[in-house]
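J.:
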Amino acid sequence: MNAETAQAAQVPATARRFAVQLSSTRRGARLARLLATEQLRSWGLPFEKAAHVVGELAANAVTHGRVPRRDFHLRLTATDDLVRIEVTDTRGDRPLPDPQQPSPEAESGRGLLLVEALADRWGVTPDLPPRKTVWAELTITPPGPRPVPPL
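Numbered per UniProt numbering, the sequence shown spans residues 1 to 151.
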């Protein structure tokens, strides 16, 4: 884990924000990824890495952070150079394990390794009981100039 902190991220007033509450089901996790992809696309931002991170964090929220009849929350905050993804679930009593390589036969257990590989920073923030927020930040690299085709 890159950081475990209770401090809130400093968000500029010009940041773009998106938030949604979703059911703690596999369908809710899939919808989180789809909505995040479409929101980032509408903002004109790269979405491939962020979509994978949202998918993993949402899947973890509904698999490990699920409490029956309680939803999870997805928040996206984007500035010119950063996308912050936050997924809040209702199991603050279950801290995140450090990502570890699962056995080759394991069918799951790679989600946090993927988040760690794709995100520039990530961590967990305790929230109002009984919640916790798992967050990840991805630096946006502006596209370089397009090469001019030869005449």
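Each residue gets a CB set at the ideal place from its N, CA and C atoms; glycine is no exception.
Classify residue 8 as helix, strand or coil using the three-state DSSP reduction.
T.: A caution first: residue 8 carries a pLDDT of 49, below 50, which makes its placement in the model unreliable, though a value can still be read off. It is coil, neither helix nor strand.
J.: Given this structure, state the Cα-to-Cα distance separating residue 60 from residue 72, to the nearest angstrom.
T.: Cα-Cα distance, rounded: 11 Å.
J.: How should residue 139 be labelled, buried or exposed, when 16 other C-beta atoms within 10 angstroms of its C-beta is the threshold for buried?
T.: Exposed is the call here.
J.: Per DSSP, residue 18 forms a beta bridge with which residues?
T.: DSSP output for residue 18 lists 76 as bridge partner(s).
J.: Would you mind sorting residue 38 into buried or exposed? The rule is 16 or more other CB atoms within 10 Å of its CB.
T.: Exposed: under 16 other Cβ atoms inside 10 Å.
J.: Whose C-alpha, out of 114, 151, 125, is nearest the C-alpha of residue 87?
T.: Of the listed residues, the one whose Cα sits closest to residue 87 is 125.
J.: So, with DSSP's three-state summary, where would you put residue 44?
T.: Coil, per DSSP.
J.: Decide yes or no for the touch test of the stretch 41-53 against the stretch 76-84: beta carbon pairs closer than 8 Å, at least 3 of them.
T.: Yes, since at least three Cβ pairs between the stretch 41-53 and the stretch 76-84 fall closer than 8 Å, the two stretches touch.
J.: Hey, how far is the Cα of residue 106 from the Cα of residue 149?
T.: With a pLDDT of only 46 at residue 106, under the threshold of 50, the placement of this residue in the model should not be trusted; the figure read from the coordinates follows. Cα to Cα, the separation comes out at about 48 Å.
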